[in-house]
Structures are given as C-alpha cells and as structure tokens.
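>
Protein chains in written order, with my numbering: chain F, 8 to 337; chain G, 8 to 337.
(1) Against chain G, with Cβ distances strictly below 8 Å, would residue 31 of chain F count as a contact?
(2) Could you check what DSSP says for residue 300 of chain G in three-state terms: helix, strand or coil?
(3) Would you call the CB atoms of residue 143 of chain G and residue 125 of chain G closer than 8 Å?
(4) Helix or strand or just coil, what does DSSP make of residue 12 of chain G?
(5) For residue 325 of chain G, which residues does DSSP report across the bridge?
(6) For residue 158 of chain G, return the contacting residues in chain F, with the cut-off set at a CB-CB distance below 8 Å.
(7) So, helix, strand or coil for residue 146 of chain F, using DSSP?
(8) For residue 144 of chain F, decide whether its Cβ has a neighbour in chain G, counting only Cβ atoms nearer than 8 Å.
(9) Classify residue 10 of chain G: buried if its beta carbon has 16 or more other beta carbons within 10 angstroms, exposed otherwise.
(10) For residue 88 of chain G, verify whether its CB is less than 7 Å away from any heavy atom of the ligand COA.
(11) Distance, Cα to Cα, residue 173 of chain G vs residue 254 of chain G?
(12) List, in chain order, every chain G residue whose beta-carbon is nearer than 9 Å to that of residue 151 of chain F.
(13) Please classify residue 61 of chain F as buried or exposed, where buried requires at least 16 other C-beta atoms within 10 Å of its C-beta.
(14) If you follow the alpha helix (DSSP H) that residue 127 of chain G is in, where does it begin and where does it stop?
(15) So if DSSP puts residue 68 of chain F in a beta bridge, which residue, or which two residues, is it bridged to?
(16) Suppose contacts are defined by Cβ-Cβ distances below 8 Å. Is residue 188 of chain G in contact with residue 256 of chain G by that definition?
(17) Where does residue 49 of chain F sit, in a helix, a strand or coil, going by DSSP?
(18) Distance check for residue 17 of chain F and residue 88 of chain F, CA to CA, integer angstroms please.
(19) Within 10 angstroms of the Cβ of residue 231 of chain F, are there 16 or more other Cβ atoms? Answer buried if so, exposed if not.
(20) How many Å lie between residue 149 of chain F and residue 267 of chain G at the Cα?
(21) From residue 199 of chain F to residue 24 of chain G, what does the alpha carbon distance come to, in whole angstroms?
(22) Could you tell me if residue 320 of chain F is buried or exposed, where buried requires 16 or more neighbouring beta carbons within 10 angstroms of its beta carbon?
(23) Comparing the C-beta of residue 86 of chain F with each C-beta of chain G, is any distance below 8 Å?
(24) Taking C-alpha atoms, which residue in G:217, G:296 and G:131 lies nearest to residue 91 of chain G?
(25) Could you check which residue in G:210, G:45 and G:22 has the C-alpha nearest to that of residue 329 of chain G?
(26) Apply the 10 Å Cβ neighbour rule to residue 54 of chain F and answer buried if 16 or more other Cβ atoms are within range, or exposed otherwise.
(27) Excluding the five sequence neighbours on either side, which residues of its own chain have a C-beta within less than 7 Å of the C-beta of residue 161 of chain F, listed in chain order?
(28) How many angstroms separate the CA atom of residue 152 of chain G from the CA atom of residue 307 of chain G?
(29) Does the beta carbon of residue 129 of chain F sit closer than 8 Å to a beta carbon anywhere in chain G?
(30) Rounded C-beta distance between residue 271 of chain G and residue 229 of chain G? I'm assuming under 8 Å.
(31) If distances are taken between C-alpha atoms only, which option among G:250, G:317 and G:137 comes closest to residue 305 of chain G?
(32) Less than 8 Å between C-beta atoms, sequence neighbours within five positions excluded: which residues of the same chain meet that for residue 15 of chain F?
(33) Mapping the DSSP letters down to three states, classify residue 281 of chain F as helix, strand or coil.
(34) Measure the CB-CB distance between residue 70 of chain G and residue 49 of chain G and report whether it falls below 8 Å.
(35) Report the rounded CA-to-CA distance for residue 80 of chain G versus residue 191 of chain G, giving the unit in angstroms.
(36) Restricting to Cα atoms, I'd like to know which of F:20, F:27, F:36 and F:30 is closest to residue 341 of chain F.
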C-alpha cells in the first residue's frame, strides 16, 4: 500500500504531535502534502519538544493544549479528515505513583476526544496509539490479538479502556477508528532523558555520552519497531476502510533478548560502548511482563504492513541522530 | 462452604449498601453477627432506598456518601475487615448518554477506593461486583473466564477497568481482592421502576400491577442468578484466601430464552399475566449482545459455589415480595 495519495491536501490533527512518534508522523505527512496541526501540552515529563519539529516549523500548525482540555479539543477536531491520537502518559512507573493523572490522560481525555468527534466531526477517521502493555505476562508467544488482556499496571488498564472507547465509538456511532498496539518503538526524536517511553532511550543516551549502560537480567525477549515502520502502520490504518473498528498488533523485525540488543547497539556504535548486567529493581520486577513479542500477521494480512527496517539499520540511524542532536534531548 | 463464622464480629463495609444486592447482603451479614456499615449516595436513578433496610435500621450503620467522594471513602475504609464494593452505575443506556458519570463512578471512584485501602487499610479484603457485560457478544457458549473481553457499551469498558484495578492492587500491593462477574441478578429489593438494573425489574413491576409487559424478540438466551445465590458467592469470595486476585463468573441455574422466562413468570404469578412480543428498539439493538450464559465451573470448583434457587422458586419469592411492598418501589 502506498498511502501518500490518501493524505494530499487532507487536514490532519495529531495529538502528542510534538512527541516522538507524533513529530515523525508529521514530517511524513507534510511530505505527502497534508495540512497538519500538532496538539501538544509540552509537559516536561512527557515526550513533546519543539526541537522535534526543527526545520518543519513553517509547514505545520502548532497548538499548545492538553488533551484533558475538553473545550480546546472540541474546537480542534473540527474540519479535520484524520486524527492521529497519540497523546498519552506512557510511563508504567508514573502510572503506579500517580494513577489519577494516568487515568485522566489515558481514559478520560480519550473519551472526551471521542465525544468531541461525535458531536462536532463524526466523519473523522481516528487512529489510536495503543500498547502491548495491556497483554500483561503472555500465556504464549508470539502474542496475537486473541490473547487475553491482563494488564499488570495502571497504565495498561487505562490504555485498555482508552482503546476500547475507540472501538466502541466506531461500532456504535460510526466514528471510524483503528487501534494499533505498539510494542517498543525507537528512532530519532525518542525520549532519551529517562526510561519513560522505553528503557532503550536511556541506553542510547548513555552510549552516545560514552558511558556504560545497565542491562536488567538480559534474557527477556522483546520486539522493537523502528519509528518509520510504526508510521507506515499508522498511515495504512488511517487510509484503509477495512481497518475500521479493528485492533492490530505491531511487531518487530525479529525478537531479541536484551543482552543481544545491547550487543547490537554496541555494534551499531562502531563497536564502542559498555554495559553491566544487573538484577531487576524490585519496584520494576513486580510489574514486569517476562518475555514478549508480537504476532503481527493480522495487520500484515489485512493491510500489507510489515517492519522493513532491520534492527541494525534502525539502531544506527537512531545513534547517528542523537550524536548530532544530543544537547537538544538532555 | 459455610461462611457464617468468617463474619462473626467482623467489620464490614458495603458500598451501594442501600441498593438491591447491598441491602440483601447486609441482612445476611447481620444474621451472621457482622458489624455492618452501609455506604450509599441515594441518587434517585440508582438502586439505593432506605426501605431496603426496613426492619434492619437498628442493626446496621448507614452512612450517606458517594463513592466519588475521596475524602469520605478514605475515612470509611479504615478498620474494616471486609469491603463489599457494590456501588456502581449499572445502566447501559445511561452510560452511553452520559459516559463521564459512568467513568467517574465505575473507573475513577474504584481507583480511589483502592488507593484509600492501600494507604489506610492494606489488610482489608475487597470483593468487587463486576459484570458479564464486558464480554460483549459471545464467541461461544457457555462463556468462561478465558473468553476475550469486548465490551459493547461505555459501562462495559469502565467496569472492565474497575475490575482490573482490583486485580492489580491485589497483585502489586497485596490488597486482597476478588471480582465476580455477575449476570442478571434478581430478587426482593431489586429496582423495578425502570430497566436500569435489568429489564426483568420492569417485567416484575408490570406483572404485579396486572399490566402486560413487553418481550423484545424473545429468543435470546440469558441466565439469571437469584440474589441469595449471588450473596453466597460474595461471601465465599470474601472468606477464601484462594480467591484473592481471581475473577469468577456467576451464572444461573439454567439458561432460558426470554419468551420461556416470560412464561415462567406468569406461571410463578399463579398463571396470571400477559406479554407482547416486539422487536428491539434501535438504540438498544446496537448495544445488545445476543445470546449469553455463563460457565461458572471456575467458582464452582474453587469455592464450591453453585446456584441453589430454581428460577421457579426465585421468581415466586420475588413476586411475593413485590406484591407486599410494591408501593415502596414505585
């Protein structure tokens, strides 16, 4: 599928638009000729940064607003053709320490965004960034969409509700919506200050800073999606009527364990870098999910999506980006 | 299992305590020698009524408060041995018309009750009244707990989140909790003014008022739990350490279709009464789930629970109650 033509001269709203995935999606959409508005709250603990649209400032509209602000959202969804609904609280640990904020952003704001669409723009198509976190500890691998949802943290529960509001509004009100259950997404413009998006951000920062990084245990299997592949999936889902009301897993090129990933990172860094293996901190251990990797056959069969960027190439591109722009991400 | 001795001189808090299931549970617990406090907001559209504790007034403590009132709940959970967490917005239609209120009661308040327990009374045991509504349209019958959750209305989504907060707080913080997925529960003290708890309430009222009632389509299979059986399950779950962190379906003596149920009701009413078959109203049709009945083998095997009251007997007891007390329920 080549979705480029679906977006020419189309009005697109991206919540979390100054964040990692949002800003990269904006770059692609601008290339495709879309008229793009980015909504972001720029809360310092989240992923939004004006530097993420460096060079793109004149080609997008930026609107600073929080998705919890019902009045702003009711206005902003109007006359949009597509909504990439990417704003979210992503930190598992933060969701345990402050469950109310996670609920406000990941449940309540999602419901109010959908109500805004229903009341002001029922013809919009919405693509929601969901998460594999809601599967919890897998019963089997790879995990497909028939796997039970058994979230292990507040974030997983609230994202589960947020995802289902989208499916419900599609099914009951015809507000077309698709949810993608993202796994670890990485690439240029990701948050590397801390592990709030993924632990991989911290690894990348430390590697670029020529400091050793920590690998917890190391045998856990994970999958990783390069951001440009994730954007493919978002755009395919937006452009396809068959995707309406569906939930799809994304996945990675291949599963790797964390120790293998650490080695791949060092190889992508021209062989330079060091890491230490350590055991899990206890507060992380109790919400850890063990091994995970996705079966993405469903989106592959229905929309023709698959990861195209190898881990080797994706990690090299990511490290290159942060070597050039490190100061803007600290 | 005879749970009576588990509750002697134990302090028990019941949210939704003036409601249908809450007030009947209170009666049983008082008989078992428990020290019972009932929390209820007495919002007219919900199930609470002071008449529900008629004759019991001197043997329970009544505290009017809304579960959304975080401060009151933080105080009320203190020093309780058990919490039967039964307060909820139960109407599927109301949840679609006012999704925010449903979210506040069924998600946010549940999270804040659990936070109150974590901070003020981590030794409490919580039993949560969940619902089979979150299964949506079944893939297979009978539905067991391995069935995917695919809620078809806002109420189902929010109850799903509320249920999972309980399981999460059990697993992560050791706040012992069990969730029961109730199906249609019926019996004395149910809401019969309208269909906010179950359509069966309206049937019962009209039958007692000697008016015809409506059966929508009539071929849908459903299961029905008599309230005393539901109370058995609540008490078994509270008294069993093996139930901690578990989710159990309740079920009925046998599945019946709605036309058969209508006939059983008339038989239980000494052969008197009339009904009309009509097609579904369109706003109900789109959130209807088709046939449903539960597989309750899980709670049966683990806790020895099973429905003991036949539909014939349960309906007769219910009709008797409302013939005596109709004026208090209009």
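By construction, the Cβ of each residue, glycine as well, lies at the ideal position given by its N, Cα and C atoms.
Let me lay it out:
(1) Interface residue (Cβ-Cβ distance to chain G less than 8 Å): residue 31 of chain F is not classified as such.
(2) In the three-state DSSP reduction, residue 300 of chain G falls in the coil class, being neither helix nor strand.
(3) Taking C-beta atoms as the reference points, residue 143 of chain G and residue 125 of chain G fail to come closer than 8 Å.
(4) In the three-state scheme derived from DSSP, where H, G and I count as helix and E and B as strand, residue 12 of chain G is classed as helix.
(5) DSSP lists no partner for residue 325 of chain G.
(6) Result: 171 and 175.
(7) Reduced to three states, the DSSP call for residue 146 of chain F is coil.
(8) For residue 144 of chain F, the nearest beta carbon of chain G is not closer than 8 Å to its own beta carbon.
(9) Residue 10 of chain G should be labelled buried.
(10) This structure does not include the ligand COA; it has no bound ligands of any sort.
(11) Between the C-alpha atoms of residue 173 of chain G and residue 254 of chain G there is a straight-line separation of about 10 Å.
(12) Neighbours of residue 151 of chain F on chain G: none; closest Cβ ~11 Å, over 9 Å.
(13) Exposure of residue 61 of chain F is indicated by the presence of fewer than 16 other C-beta atoms within 10 angstroms of its C-beta.
(14) Element bounds for residue 127 of chain G: 116-127.
(15) F:44, per the DSSP bridge assignment.
(16) Closer than 8 Å, so yes.
(17) Reduced to three states, the DSSP call for residue 49 of chain F is coil.
(18) Near 6 Å, if we compare the C-alpha coordinates of residue 17 of chain F and residue 88 of chain F.
(19) Classification of residue 231 of chain F: buried, given that the 10 Å Cβ count is 16 or more.
(20) So the alpha carbons of these two residues sit roughly 45 Å apart.
(21) A direct Cα-Cα distance of roughly 49 Å separates residue 199 of chain F from residue 24 of chain G.
(22) Flag for residue 320 of chain F reads exposed.
(23) It does not; no Cβ of chain G falls within 8 Å.
(24) Of the listed residues, the one whose Cα sits closest to residue 91 of chain G is G:131.
(25) The residue with the shortest Cα to Cα distance from residue 329 of chain G is G:210.
(26) By the neighbour-count rule (16 or more Cβ atoms within 10 Å), residue 54 of chain F is buried.
(27) Cβ contact annotation for residue 161 of chain F (same chain, cutoff 7 Å, sequence separation greater than five): 102, 103, 106 and 109, in chain order.
(28) Residue 152 of chain G and residue 307 of chain G have their alpha carbons spaced roughly 13 Å apart.
(29) No - not a single Cβ of chain G is within 8 Å of the one on residue 129 of chain F.
(30) The beta-carbon distance between residue 271 of chain G and residue 229 of chain G, rounded to whole angstroms, is 12 Å. This is too long to meet the 8 Å contact definition.
(31) It is G:250.
(32) Once the five neighbours on either side are set aside, the close Cβ partners of residue 15 of chain F are 39, 40 and 41.
(33) Reduced to three states, the DSSP call for residue 281 of chain F is coil.
(34) Cβ atoms of residue 70 of chain G and residue 49 of chain G: not closer than 8 Å.
(35) The alpha-carbon atoms of residue 80 of chain G and residue 191 of chain G are separated by roughly 28 Å.
(36) The structure shown does not extend to residue 341 of chain F, since chain F spans only 8 to 337, so no value can be given for it.
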